[in-house]
Amino acid sequence: MSCPSINVTELKSHLYRRDAQIIDVREIAEYRASHIEGSTLIPLAELPFRLDEIERDKDVIVVCRSGNRSAQACEILRERGFLRTKSLSGGLAAWSA
């Protein structure tokens with residue numbers, strides 16, 4: 001199952017409208033160093049055990065440093081029925097550019 005991606009401009013639009021849940025799948029030290037305000041930290045290894053923290057009635061946008069872990073997380077979520085899930089293309093590297 002392929003995971004759709006979203007670019008930085010689209011993510012900013014979601015943040016402005018407050019209509020999506022942002023899930024950061026990096027490790028806690030990475031998150032503490034910098035993160036998108038309002039995002040929820042759920043490290044990739046913990047994701048399958050913390051699905052109850054993710055809102056099924058909203059778009060879910062998964063972010064990481066470069067886009068690799070978020071694509072993996074997106075696949076996991078979509079396989080578990082979170083079909084409104086997308087991955088941030090380029091990750092926080094693109095967000096910070």
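For what it's worth, our numbering labels the leading residue of the sequence shown as 1, then goes sequentially.
Note that beta-carbon positions come from the ideal geometry of N, C-alpha and C, so glycine has one too.
For Ser66, same chain residues with a beta-carbon under 6 angstroms away, outside a window of 5 residues either side, are Gly91 and Ala93 in chain order. Inter-residue distance for Glu46 and Leu77 is about 12 angstroms (C-alpha atoms, whole angstroms). Straight across, the Cα-Cα distance linking Gln21 with Leu83 is about 13 angstroms. Annotated three-state conformation of Leu41 is strand, per DSSP. Leu44 is positioned such that its CB atom lies closer than 8 angstroms to that of Arg69. Less than 8 angstroms separates the beta-carbon of Asp19 from that of Asp59. Taking the CA atoms as reference points, His14 sits about 26 angstroms from Ala29. Ranked by Cα distance from Ala97, the first of Gln72, Arg50, Thr9 and Ser5 is Thr9.
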